[in-house]
Amino acid sequence: MIVAERKPLDEIIGMVRPFKNILILGCGTCVTVCNVGGEREVSLLDAALRVAITKGMLEEKVISQYTVKRQCDKEFLTSLLGKAEEIDAILSLACGVGVQVLADTFSDIPCIPGVNTIFMGAQPEMGVWDERCIGCGDCRLFETLGICPLSRCAKGILNGPCGGSKNGKCEANKDVDCAWLLIYDRLERHGQLEKMRQYYPPRDYGRLRRPKRVTIL
Amino acid sequence: MAVSLLEEKLNSKEFVVTAEIGPPKGPDVSEMKKNIELLKGRVDAMNVTDHQSSVMRYPSIGGCLLIKEMGGEPVLQMTTRDRNRIALQAELLFAYSRGIRNVLCLTGDAVEIGDHKEAKPVFDVDSVQLIRMIKTMESGKDFAGNNLNGKVEFFIGASCSPEAHSIKPQLIKFEKKVASGAKFFQTQGIYDVSSLRRFMQFARQFDVKVLAGIIVLFSYRMALYMNENVPGVSVPDEILEELRNTDKTQALKKGVEIAARTIRAIKDENLCDGVHIMAIGREHIIPEVLEASGIQK
Numbered sequence: 001m002i003v004a005e006r007k008p009l010d011e012i013i014g015m016v017r018p019f020k021n022i023l024i025l026g027c028g029t030c031v032t033v034c035n036v037g038g039e040r041e042v043s044l045l046d047a048a049l050r051v052a053i054t055k056g057m058l059e060e061k062v063i064s065q066y067t068v069k070r071q072c073d074k075e076f077l078t079s080l081l082g083k084a085e086e087i088d089a090i091l092s093l094a095c096g097v098g099v100q101v102l103a104d105t106f107s108d109i110p111c112i113p114g115v116n117t118i119f120m121g122a123q124p125e126m127g128v129w130d131e132r133c134i135g136c137g138d139c140r141l142f143e144t145l146g147i148c149p150l151s152r153c154a155k156g157i158l159n160g161p162c163g164g165s166k167n168g169k170c171e172a173n174k175d176v177d178c179a180w181l182l183i184y185d186r187l188e189r190h191g192q193l194e195k196m197r198q199y200y201p202p203r204d205y206g207r208l209r210r211p212k213r214v215t216i217l
Numbered sequence: 218m219a220v221s222l223l224e225e226k227l228n229s230k231e232f233v234v235t236a237e238i239g240p241p242k243g244p245d246v247s248e249m250k251k252n253i254e255l256l257k258g259r260v261d262a263m264n265v266t267d268h269q270s271s272v273m274r275y276p277s278i279g280g281c282l283l284i285k286e287m288g289g290e291p292v293l294q295m296t297t298r299d300r301n302r303i304a305l306q307a308e309l310l311f312a313y314s315r316g317i318r319n320v321l322c323l324t325g326d327a328v329e330i331g332d333h334k335e336a337k338p339v340f341d342v343d344s345v346q347l348i349r350m351i352k353t354m355e356s357g358k359d360f361a362g363n364n365l366n367g368k369v370e371f372f373i374g375a376s377c378s379p380e381a382h383s384i385k386p387q388l389i390k391f392e393k394k395v396a397s398g399a400k401f402f403q404t405q406g407i408y409d410v411s412s413l414r415r416f417m418q419f420a421r422q423f424d425v426k427v428l429a430g431i432i433v434l435f436s437y438r439m440a441l442y443m444n445e446n447v448p449g450v451s452v453p454d455e456i457l458e459e460l461r462n463t464d465k466t467q468a469l470k471k472g473v474e475i476a477a478r479t480i481r482a483i484k485d486e487n488l489c490d491g492v493h494i495m496a497i498g499r500e501h502i503i504p505e506v507l508e509a510s511g512i513q514k
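Line order of the protein sequences matches chains V and Z. First residue of the first sequence? That's 1 in our numbering, and the numbers climb one at a time after it. First residue of the second sequence? That's 218 in our numbering, and the numbers climb one at a time after it.
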């Protein structure tokens, strides 16, 4: 799941200011699930912009709203083709991938990002999202029994905990569990501590070099 | 054959004392020079910290060169937080060419706790991998397998936290550092000699030298702060109580007394090979700590 958060309203107002006809475009997949860019949030942002206009914080606009199933897939953007002609700018509430596919598809219309895309993560409890994968291209979850030290350790250490954890929490963020203590506990419970005793060489960061491309036929 | 003076001292079974020098925040090294001058005849080696607590300072390598020029024995602290494998190897080549032979391999503190919170953390390698990197360079190859035009040689050190809340994972890491090539350890600050005793029962199985970390406390508030914020350090209640009951004007004296008491206990029991004294910005009091511990070099 791609997790994002809405940009501050002031920033959005600054970006839409030069345009008259604005389409707020939601995305029905990841950002809908994390309550940031689905139909409901499109409608909330529409209302917030209208309030800003009423208060004189923003000039008069023609605002419309629409939500597609997925902005990261060109196929789902074709339904917009008829609507696009009168639009001066699209304010997208999709992740960074969605905004780019949108901008490529409608290359004559400025596309404005309405959210900040943060990470790939999961929801451990209602309303809380935690990063779980950095897309490193060389998954080592077998060695750690399903706990990723790259996305969950502040230092991405591969060979065991640093000396920094206190009461099981990370030195960089006291609200976050030390990934290596979690890994240790899980390996111990499964009688597989030898996996932690093993030496792991540095990562091949060539696999993380950007831009990445994969061909799947 | 010992690689460095520090290794030679540790091999001689002498009770070794190293001390930490914190480089300045800025280009003026006069204070650091004063501290080096004060300590060089009194301790066996001086570590220079590498942007400790992720606070940007004068570099460790610069401090080590000063120590070398002034006739002291430097320990280059090297973290993997700020440099990738290319920069780390280059710095090791430079250090070697300038006569620096002791390296303490650390992963380094998180960027988040320092004074450049927006900096990009590197962590291309970790401390265990850094040790292996040095071992590879000692074989005349760089970490990518290319030939070097000569070999380097270092006395390789690492750190460990005997008072960490979860000790077992730390011991696994300690073993990995030993297996990778670490020859000496300078521990995180220790206040409870019994935890050092337990740790040494484990560490004694390995052919490595251990210097127990001694962080000098200056006040009750500092002790509380350390418990709250400093990784791997826990000041026990008795010491907290002792500091709390000490008049503020006498707190530094009390801190020196506590440090000296710990050092004496370690030395009398022959618990480990020496101590590493960290006075965090108050290096000038280290001679007092040594005197109170009955240590003369």
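In this text, a Cβ means the ideal position worked out from N, Cα and C, and glycines have one as well.
> Among the residues of its own chain, which have a CB less than 6 angstroms from the CB of serine 510 of chain Z, if the five just before and after it don't count?
Replying inline: Ala477, Ile480 and Arg481
> What number of angstroms, rounded off, separates the C-alpha of glycine 243 of chain Z from the C-alpha of isoleucine 53 of chain V?
Replying inline: 50 angstroms
> Under three-state DSSP, which class holds phenylalanine 311 of chain Z?
Replying inline: If DSSP states are grouped into helix, strand and coil, phenylalanine 311 of chain Z belongs with the helices.
>> Check whether chain V comes within 8 angstroms of lysine 250 of chain Z, counting only Cβ atoms and requiring the distance to be less than that.
In response: no
> Run through DSSP, which three-state label would tyrosine 437 of chain Z get?
Replying inline: helix
> Quick one: is methionine 287 of chain Z buried, meaning 16 or more other Cβ sit within 10 Å of its Cβ, or exposed?
Replying inline: Burial call: exposed.
> Whose CA, out of V/Gln65, V/Ala103 and V/Cys95, lies closest to the CA of threonine 29 of chain V?
Replying inline: The residue with the shortest Cα to Cα distance from threonine 29 of chain V is V/Cys95.
> Quick one: is alanine 154 of chain V near chain Z, going by C-beta distance under 8 angstroms?
Replying inline: At a cut-off of 8 angstroms between C-beta atoms, alanine 154 of chain V counts as an interface residue with respect to chain Z.
>> For the segment 157-183 of chain V, list every residue whose C-beta sits within 9 angstroms of some C-beta in chain Z, in sequence order.
In response: Ile157, Leu158, Asn159, Gly160, Pro161, Cys162, Gly163, Gly164, Ser165, Lys166, Asn167, Gly168, Cys170, Glu171, Ala172, Asn173, Cys178, Trp180, Leu181 and Ile183
> Going along chain V, which residues have a C-beta under 9 angstroms from glutamine 405 of chain Z?
Replying inline: Gly163
>> Strictly below 8 angstroms CB to CB, what residues from chain Z border methionine 196 of chain V?
In response: Against chain Z, the beta carbon of methionine 196 of chain V has neighbours under 8 angstroms at Pro386 and Ile389, listed in chain order.
> Using DSSP with H/G/I as helix, E/B as strand and the rest coil, what is glutamate 171 of chain V?
Replying inline: Note: glutamate 171 of chain V maps to coil in three-state DSSP.
>> Does chain V have any CB closer than 8 angstroms to the CB of alanine 304 of chain Z?
In response: Answer no: the Cβ-Cβ gap between alanine 304 of chain Z and chain V never drops below 8 angstroms.
> Are the C-beta of proline 211 of chain V and some C-beta of chain Z separated by less than 8 angstroms?
Replying inline: no
>> Taking its Cβ as the centre, do 16 or more other Cβ atoms sit within 10 Å of glycine 163 of chain V, making it buried, or is it exposed?
In response: buried
>> Any heavy atom of the ligand HEM inside 7 angstroms of the beta-carbon of alanine 399 of chain Z?
In response: Looking for the ligand HEM in the displayed structure turns up nothing, as the structure carries no ligands at all.
> Taking the runs of the alpha helix (DSSP H) that are 4 residues or longer, which of them lie wholly in the segment 129-185 of chain V?
Replying inline: 149-152
>> Can you give me the C-alpha to C-alpha distance between leucine 310 of chain Z and phenylalanine 371 of chain Z, rounded to a whole angstrom?
In response: 11 angstroms
> Which residues mark the beginning and the end of the alpha helix (DSSP H) in which leucine 80 of chain V is found?
Replying inline: Taken as a continuous stretch (DSSP letters only), leucine 80 of chain V belongs to no alpha helix (DSSP H), as it is neither H nor E.
>> Assess contact between the segment 317-337 of chain Z and the segment 178-196 of chain V, defined as three or more Cβ pairs (one per stretch) separated by less than 8 angstroms. Is contact present?
In response: no
>> In this structure, how does DSSP classify leucine 58 of chain V when only helix, strand and coil are distinguished?
In response: coil
>> Whole angstroms are fine: how far does the CA of glycine 449 of chain Z sit from the CA of serine 378 of chain Z?
In response: 6 angstroms
> For lysine 229 of chain Z, which residues does DSSP report across the bridge?
Replying inline: Inspection of the sequence shows that residue 229 of chain Z is occupied by serine rather than by lysine. Looking at the DSSP assignment, serine 229 of chain Z forms no beta bridge with any residue, so it has no partner.
> Okay, do the segment 130-137 of chain V and the segment 408-416 of chain Z touch, 3+ Cβ pairs below 8 angstroms being the bar?
Replying inline: No, they do not touch.
> Should lysine 393 of chain Z be flagged as near chain V, meaning a C-beta pair shorter than 8 angstroms?
Replying inline: yes
>> So, at 7 angstroms on beta carbons, what are the nonlocal neighbours of alanine 4 of chain V in its own chain, with the 5 sequence-adjacent residues on each side left out?
In response: Val31, Cys34, Val36, Gly37, Cys95, Val115, Asn116, Thr117 and Ile118
> What whole-angstrom Cβ distance do alanine 440 of chain Z and valine 452 of chain Z have, given they're in contact under 8 angstroms?
Replying inline: 4 angstroms
> The beta strand (DSSP E) with glycine 14 of chain V in it runs from where to where?
Replying inline: That residue, glycine 14 of chain V, is in no beta strand (DSSP E); its alpha helix (DSSP H) goes 9-16.
> Under a CB-based cut-off of 8 angstroms, is tyrosine 219 of chain V close to chain Z?
Replying inline: No answer is possible for residue 219 of chain V: the residues shown for chain V start at 1 and end at 217.
> Under 8 angstroms between the Cβ atoms of glycine 430 of chain Z and isoleucine 348 of chain Z?
Replying inline: no
> Taking Cβ positions only, does glutamine 513 of chain Z come closer than 8 angstroms to chain V?
Replying inline: no
> Grouping DSSP H, G and I as helix and E and B as strand, with all else coil, what is alanine 47 of chain V?
Replying inline: helix
>> Starting from leucine 347 of chain Z, trace the alpha helix (DSSP H) in both directions and tell me its first and last residue.
In response: 344-355
>> If the cut-off is 7 angstroms on Cβ atoms, which residues from the segment 401-431 of chain Z count as contacting chain V, listed in chain order?
In response: Gln405
> Skipping 5 residues on each side, what residues in its chain have a beta carbon closer than 7 angstroms to that of alanine 336 of chain Z?
Replying inline: Val328
> What three-state label does DSSP hand glutamate 125 of chain V in the structure shown?
Replying inline: Judged by DSSP in its simplified three-state form, glutamate 125 of chain V adopts strand.
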